[in-house]
Amino acid sequence: MVEGGQYSAPLGWDYAPLSEYNEKYRGHVTFWKFDREQGRIDQSLSFAIELPPYWQDLCDAGKLVSDGWVFCNSLNTERATGGVEKGNPPFEAGASQNDTDYLHIFNWKKAEEVFKAGKFETIKDFPVISIKTAVEEGILFLAPEPKSPHGVDVTPDGKFMVVAGKLDPHVTIYSFDKLQKAIEAKKWETDDYGIPVLPLDDVKEAQVELGLGPLHTVYDNQGYAYTSLFLDSAVARWTLGGDFADKHPEEPWTLVAKIPVQYNIGHITAAEGDTVSPDGKYVVALNKWAIDRFQNVGPLLPQNFQLIDIDNTGDNMQVIYDMPIGMGEPHYVQMIKADKLNPWEVYPEIGWDPETQSISPNAVKPGEEKVVRNGKNVEVFMTVVRSHYTPEHVEIEQGDHVIWHLTNIERAYDATHGFSIPAYNINLSLEPGEHQTVEFDADVPGVFSYYCTEFCSALHLEMTGYFLVKPSGSQASLNK
Ligand code: CUA
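Our numbering puts the sequence shown at residues 417 to 896.
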C-alpha cells in the first residue's frame with residue numbers, strides 16, 4: 417500500500433523554522449507491506465522514501481507491464497510556505513504559480529531490494545531511504561505534469577498513466593514504454609535535489625481536453641475512460657488509444673461525451689474500473705455537493721452518489737439513480753462483483769476479537785461469568801445473549817478501575833446486541849460471537865442501568881442490569 421505524505425514537514429515530527437523549508441522540510445511516500453494471509457499491514461517490512469518538500473499526493477500502482485512501479489502526483493513544487501499575514505502569497509496562490517508540478521515515478525521493487533539490503537536511515541524507528549540513495553539506485557524519477565494535479569490512474573493494460581490536473585482542462589497521458597526509454601537513455605535534467613527530471617515531450621503519449629477541473633479517471637471494458645470534472649459538474653467519456661483503439665468506433669484520445677452530474681463530482685468509480693479487467697456497465701459519480709437534490713433538513717447536506725448507466729457507446733450515458741450518503745467525503749470507492757465477496761455471517765467462534773482475529777483470552781462461556789476484584793481493579797466477565805446479561809448486578813466502589821469484558825454468545829445470523837452505560841459514555845455493538853473489552857475509572861457514584869441498544873427480541877427492553885457505584889466513604893461502603 418502506497419501512502420503519499422501530502423504536506424511537507426521536518427521528518428520524524430522534528431521542529432525546524434519555515435525559513436529552513438528547502439533544507440529541513442521533506443516530503444515522503446510510505447510503502448506499507450500488506451500481509452494477505454493475515455489481512456493486516458506488516459510494519460516490520462514497511463519503509464518510506466525521503467522526497468523533496470513538494471506535496472506528494474495521490475499514487476497509483478502499475479500493473480501487468482508496469483507492475484513493480486508506482487506513480488504519485490505532487491503539488492506545490494513551488495515550495496510555497498504560506499504566511500499571507502507576513503506579506504507572503506497565500507498558499508493557494510503560491511502553490512500554483514508554476515505551469516507544471518512533478519509526477520513522481522518509483523521503481524518500488526528495486527526500492528524493496530534496497531530496503532532489504534539495509535541501505536536506509538532510521539528516523540524515529542522507521543526506515544527511510546534517502547533521496548540520495550533513491551537516485552543512486554535508480555528508484556526515483558520525476559516528469560513534469562500540468563499544474564496542481566490530483567488523480568493519477570493507470571489504464572487496465574498498465575501501459576498508460578492518466579494524470580488529471582485540476583487547474584488544467586486536459587488529462588495528460590504518459591506512456592510507460594516511453595518512460596522506460598527515457599530512463600534508459602539517461603536524457604534528463606535534475607531538480608534542486610538531484611533527482612532526474614524526464615522531459616515531458618519524451619514521455620507524454622497524448623493530452624485530451626475534457627473541460628474544467630478534471631480530477632479522477634476510471635475505465636470500462638470498451639476502451640473508454642471516464643474522468644470526473646469538478647468545476648464542470650460532469651463526467652467526461654473519452655477514448656483510450658494503444659491496444660484499446662480497436663475496441664471503440666471513435667478516434668483514440670478524443671472526448672466523446674459529457675454527462676452533467678449534480679453537483680461538483682470528486683471521486684468516481686466504475687465496476688472493477690481500476691483493475692486489469694473492468695466490468696463496464698456502471699459508473700458512480702461521487703458528488704460533493706447535493707444542493708437541490710433532496711429535501712432540505714438543515715445546513716449539513718449529504719453527499720450525492722449518482723449511478724450512471726454506461727452500457728452504450730458514444731454519447732449515450734444516463735444518470736439512473738441518486739443516493740444521499742450521510743458520510744463526509746467518501747474517497748476511492750470500489751465497486752466489485754458480488755460473487756467476489758465471501759463474508760462471515762457470524763464470527764467464526766464465540767469470543768472472537770475482531771482486532772486480533774482470534775479468540776480473546778478474556779472470553780467466557782455461560783456459567784463462567786464472574787466479577788474479580790484485585791485491590792482497586794475490578795474485572796467483569798460477562799456473557800450477552802437474547803435477552804439477558806450475566807451478571808445482572810455489578811456492584812463496585814467509587815474510584816475503582818473497571819475492566820469490563822463482554823462476550824456475545826449468540827450463533828444466530830444478525831443477533832447483534834448493544835451495551836450502553838450512557839453516564840459513562842459507553843456504547844458497544846456486539847455482533848454474534850464477538851468479544852469486546854471496555855475499560856474505565858468509576859469516578860461518578862450512583863446507580864446506572866446498563867442496557868441493550870439493538871432491538872433484539874420481544875424482551876429487548878428487559879435486557880438490562882444495574883451498575884451500582886457506592887460513593888467512597890459512604891456508610892454502604894464502610895459496612896462492606
Ligand atoms: Cu439485546 Cu436488545
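Glycine residues also receive a C-beta, built at the ideal position from the N, C-alpha and C atoms. Just so we're clear, the structure is a prediction, and the values are computed from it rather than from any experiment.
The alpha helix (DSSP H) runs of length 4 or more contained entirely in the segment 484 to 552 are, from start to end of the chain, 507 to 510, 524 to 532 and 547 to 552. In its chain, beyond the 5 residues on either side, ALA559 and PRO560 have a beta carbon closer than 7 angstroms to the beta carbon of LEU616. The alpha-carbon of THR691 is positioned some 15 angstroms away from that of TRP485.
PHE576 is the residue among PHE576, ALA598 and GLN459 whose C-alpha sits nearest the C-alpha of SER482.
In terms of Cβ geometry, LEU656 and PRO668 form a close pair [threshold 8 angstroms]. Judged by DSSP secondary structure, LYS704 falls outside any alpha helix (DSSP H); it is assigned neither H nor E.
A direct Cα-Cα distance of roughly 7 angstroms separates GLU808 from THR880.
Contact between the segment 694 to 709 and the segment 741 to 756 is present, with at least three C-beta pairs closer than 8 angstroms. Short note on HIS851: C-beta not closer than 7 angstroms to any heavy atom of the ligand CUA. Distances taken from the Cβ of MET879 to the heavy atoms of the ligand CUA include one shorter than 7 angstroms. Counting only runs of 4 or more residues that sit fully inside the segment 578 to 654, the alpha helix (DSSP H) segments are 592 to 601 and 616 to 619, in chain order.
In this structure ARG452 is exposed. Its beta-carbon is surrounded by fewer than 16 other beta-carbon atoms within 10 angstroms.
Cβ neighbours of THR806 within its own chain (closer than 6 angstroms, five residues either side excluded): GLU785 and THR799.
A Cβ-Cβ distance of about 7 angstroms is found for the pair SER836 and TYR866, placing them in contact under the 8 angstroms criterion. DSSP places LYS440 within a helical segment (H, G or I) once states are collapsed to three.
In terms of side-chain proximity, the C-beta atom of HIS833 is found nearer than 7 angstroms to a non-hydrogen atom of the ligand CUA.
Here DSSP, grouped into helix, strand and coil, assigns GLY815 to coil.
SER460: member of the beta strand (DSSP E) spanning 456 to 467, first to last residue.
With a cutoff of 7 angstroms, HIS809 does not count as near the ligand CUA, since its C-beta is closer than that to no heavy atom of the ligand.
With a beta-carbon spacing of about 5 angstroms, VAL613 and GLU605 fall inside the 8 angstroms limit used to define contacts. Counted as a single uninterrupted DSSP element, the beta strand (DSSP E) harbouring MET739 occupies residues 734 to 741. Within the same chain, and ignoring the five residues on either side of ALA839 in sequence, the residues whose Cβ sits closer than 8 angstroms to its Cβ are VAL860, GLY862 and PHE864.
Under the DSSP assignment, VAL780 falls outside any beta strand (DSSP E); it carries neither an H nor an E label. Inclusion of LEU467 and GLY443 in the CB contact set at 8 angstroms is warranted, their separation being smaller than that value. PHE557 is classed as buried because its beta carbon has at least 16 other beta carbons within 10 Å across all chains shown. Annotation for CYS475 indicates a beta carbon at 7 angstroms or more from all heavy atoms of the ligand CUA.
For GLU826, there is no enclosing beta strand (DSSP E), since its DSSP letter is neither H nor E.
Following the DSSP letters along the chain, one finds VAL692 in no beta strand (DSSP E), marked with neither H nor E. No heavy atom of the ligand CUA is found nearer than 7 angstroms to the CB of SER888. Here DSSP, grouped into helix, strand and coil, assigns PHE576 to strand. In terms of Cβ geometry, GLN472 and GLY420 form a close pair [threshold 8 angstroms]. Three or more Cβ pairs closer than 8 angstroms define a contact, and the segment 642 to 657 meets that threshold against the segment 673 to 686. For ARG709, the Cβ stays outside the 7 angstroms cut-off from all heavy atoms of the ligand CUA.
Nearest neighbour of GLU552 by Cα position, chosen from ALA527, PRO543, ALA874 and GLY574, turns out to be ALA527. When DSSP states are grouped into helix, strand and coil, LYS756 belongs to the helix group. Per DSSP, reduced to three states, the secondary structure at VAL762 is coil, with no helix or strand assignment.
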